[in-house]
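Chains as they are written, first to last, in the numbering used here: chain A, 43 to 376; chain B, 15 to 290; chain C, 100 to 436.
The structure is reproduced here in structure tokens:
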């Protein structure tokens, strides 16, 4: 296996609220290789954002990382103290969040905020940091005249670009993008995605963790896809594989629920039911209440994570002994 | 975390207000006489006069308990007047918008510059004292606040789809504004009203202290406090201390409730979405 | 829009606002029942002629709108009318009493602003802790104490415990009167190089300033705390610490400016409340400022003087609001848009 920039093993992060505990992620393991892009896809409440926050050890208040390992280039981030972690943040792992609107200090000029990202980690004079920031501005195709603008003077798309520029300021190994395009209209969304794709090709050592609920967006940019649901992993594989040959019933539904603009006429499919109540998740397989193919075993035990094909993993009882798809998935499951 | 502290504030405040009202009721029921003059002039607190007597030999405890009625009544009158006037004008102005709204807003923005007490002093100086007069004088100063809040809320929900659809059904303006839109302002209004009770009580006693409050021999906290000033240098402290204490306690009660409510309403309306 | 444009527009806006205030005051004074002539006459009985003469002198026989125009015209020339009771131009009375109020409010603000804001910010940083609760409760209780009662209690304590603090007035009669250059006792004492007078002025300022200052501080504590708590929950604060900024830097560079600058908007309102408090404080401590003048004129039904005081109050607050609005625009780039 290629060198893993990020190696997450059995991560569990819970939110401890006064009356109940939400098991936002409950046993998630994956790896991201150098210069690779992993797309994490899930509904809201699936825990996907929690994964990103956990890697940065920046869970909002009642949240705690309960167990597991998060290794960045071999180093377990969970063993670091506050100061060490602070040095890692942004310098090695940066984040691009959904709300670029509110992610910038309204009283500071955009350029200065990007430069701040540099000066916090590197001991270089302010002018050099400004130069670096201006360079980043160019890289994300922002007009240099906007460098001295205030956040409220920029459009949504521009702010998102600025966020990306800021994330790249310290040349991190990994950028976690948490729903970076959700708040944007489709055209701007496409621009941002194209930008991210270009950056990925240009900056050969950059790995990306792309978190979204939108499969079409994730598929465009990721090399590998991880499907999460109810805090657990459902399926993992190369993007092409997942799209063309989905194994998990949830993934199948996801793939089918997006209309293919080139394809033949199809009826719209949606996934019936509601996301699980994370205060009291279902027994057995967390997806079974909404699964078309659920059978007896699904209510009882949690399915194990197996590679049904090479480098293509799934957690589903259908593929286990006694399951309907034990020897292979039917060609066109409806 | 917040709801808990605000809940205890509301509870504590309500308890205090209830205690004061009970004291007030007690004074009426038991038949304490705040006007009875005696020869025991300016005597310090003792068993027969728990809070001492004033310069006319009247029992301060009676005056202070009885005085609750007046202070609270005038404060209440003024709050009602300002809420009613301010809210209605604010709702109409916010709803109809345009030049009238701009002019009205300018008017009330300017009025903000005149502190409530100054207006009250002015009006009290002109129209004299009395429960309604004093209530009115104080009310004027608080109208801009209600105007602003209600106008703001009406403005913000004016464009919402459900308003359009209600209009499409054929609802008249009155119906639309007061039955469908005003309810959204009610939480803020209630919190503000309670807080204003506290401020109004302070203003009533302020006017009384300045000699512009209810006419003597009405037992009013501020007036008694003001008259009691004359004897401080002689070492008579109880004439001013006890009425003032009552002011603080009653204001504290209402303010606790108001602040608590305010926090609760703010917390429930601006609940940020948590995405996991 | 550019800052210059904003300042210009804001300055222009002041004119209609002041006009409205003056009109409202005029309206209240003229429209509400109460006869100025009767007030001036007092208990004196006068003949029909004398009453008519007085009425003519006061300009009360003209139609209302003419009286109004006269009044506004005079104001523009600095003529606030004539005080029947003091037998002097109102403007002179105002000028005599204004410095005392300025001195009182200045020192009170000097106490209130650091005290209030620092305790509010401190409490916010330790939100949820016992010390936060104590500060909140303390500020709340202090807010509920009427300013005049607080002053009275201070006076009572000084008298009861025989403390060497003056309980009234701006200066002791024993101290040789320092030349009144500015009317500000502290400044005048410094200008005259009179150390005893300086100390005396400060001693006299002590109780009133503590009274008025702590009253204002109580509201500032609450406002500052709320603002800081709100700002600390904002996304960009999270992002700043995510960027790797150390906590102190996040707080001082990002949180504080965003939290404290909106407090500026409250300052305008606070000046109005401060002046209101000054009226009461001056009455308690026999401080010869505008507040005391106002109450005096109300007692004597000197309408021109009453009107003059209130108009001056309104002008001062409008000026304060103007300065605040402009400062805010300078400091917060979002406002000018």
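From the three backbone atoms N, C-alpha and C, an ideal C-beta is built for every residue, glycine too.
Nothing here was measured: the structure is a model prediction, and the numbers come from that model.
Taking 8 angstroms as the CB threshold, residue 129 of chain B lines the interface with chain C. Within its own chain, the residues whose Cβ lies closer than 6 angstroms to the Cβ of residue 304 of chain C, once the five positions on either side in sequence are excluded, are 206, listed in chain order.
In this structure, the straight-line span from the alpha carbon of residue 162 of chain C to that of residue 125 of chain B is close to 26 angstroms.
With at least 16 other beta carbons inside 10 angstroms of its own, residue 219 of chain C counts as buried.
At a cut-off of 8 angstroms between beta carbons, residue 186 of chain C makes no contact with chain B. Taking the Cα positions, residue 213 of chain A is about 14 angstroms away from residue 243 of chain A. DSSP, read as helix, strand or coil, puts residue 253 of chain B in helix. From the beta-carbon of residue 128 of chain C, the residues of chain B found nearer than 8 angstroms are 136 and 140. Judged by DSSP secondary structure, residue 248 of chain C falls within the alpha helix (DSSP H) whose first and last residues are 246 to 260. Taking CB atoms only, residue 126 of chain B has a neighbour in chain C less than 8 angstroms away. Taking 7 angstroms as the cut-off between beta carbons, none of the residues of the region 327 to 359 of chain C comes near chain B. Put simply, the CB of residue 123 of chain B is near chain C, with a gap under 8 angstroms to one of its CB atoms. Residue 432 of chain C belongs to the set of residues whose beta carbon lies under 8 angstroms from a beta carbon in chain A. For residue 204 of chain C, same chain residues with a beta-carbon under 6 angstroms away, outside a window of 5 residues either side, are 373 and 377 in chain order. Taking 8 angstroms as the CB threshold, residue 223 of chain C stays off the interface with chain B.
Counting only runs of 3 or more residues that sit fully inside the region 59 to 126 of chain A, the beta strand (DSSP E) segments are 63 to 75, 79 to 83 and 105 to 114, in chain order. Look at residue 335 of chain A: its C-beta is not under 8 angstroms from any C-beta on chain C. The beta carbon of residue 53 of chain B sits closer than 7 angstroms to those of 71, all from its chain and outside the five residues before and after it, given in chain order. Distance between residue 429 of chain C and residue 147 of chain B, taken at the CA atoms: about 44 angstroms. By the beta-carbon neighbour count (other beta carbons within 10 angstroms, threshold 16), residue 410 of chain C is buried.
In the DSSP secondary-structure assignment, residue 134 of chain B is not bridged to any residue. Only 232, 239, 240, 242, 243, 244, 245, 247, 248, 251, 252, 254 and 255 from the region 232 to 256 of chain C bring a Cβ to less than 8 angstroms from some Cβ of chain B. With contacts defined as CB atoms closer than 8 angstroms, residue 299 of chain C and residue 271 of chain C qualify as a contacting pair.
Residues of the region 415 to 426 of chain C with a C-beta atom less than 7 angstroms from some C-beta of chain B are 416, 417 and 420, listed in chain order. Between the region 100 to 114 of chain A and the region 277 to 289 of chain A there are fewer than three C-beta pairs closer than 8 angstroms, too few to call the two in contact. Look at the region 211 to 226 of chain A: the residues with a C-beta under 9 angstroms from a C-beta of chain C are 211 and 212. Beta-bridge pairing by DSSP links residue 327 of chain C to no other residue.
Residue 265 of chain B has a beta carbon lying within less than 8 angstroms of a beta carbon in chain C.
Listed along chain B are 126, each with a C-beta nearer than 8 angstroms to that of residue 368 of chain C. Chain order gives no chain C residues near residue 64 of chain B, where near means a beta carbon separation below 7 angstroms; the closest approach is about 19 angstroms. When the beta-carbon positions are compared, residue 188 of chain A and residue 200 of chain A come within less than 8 angstroms of each other. Proximity to residue 124 of chain C across B/213, B/253, B/158 and B/135 peaks at B/135, based on C-alpha coordinates. Counting only runs of 4 or more residues that sit fully inside the region 66 to 123 of chain B, the alpha helix (DSSP H) segments are 74 to 110, in chain order. Taking C-beta separations shorter than 6 angstroms and ignoring five residues to either side along the sequence, the partners of residue 365 of chain C in its chain run 322, following chain order. Within a 10 Å sphere around the beta-carbon of residue 197 of chain B sit fewer than 16 other beta-carbons, which makes this residue exposed. Listed in chain order, the beta strand (DSSP E) runs fully inside the region 324 to 369 of chain A are 347 to 351 and 354 to 357, counting runs of at least 3 residues.
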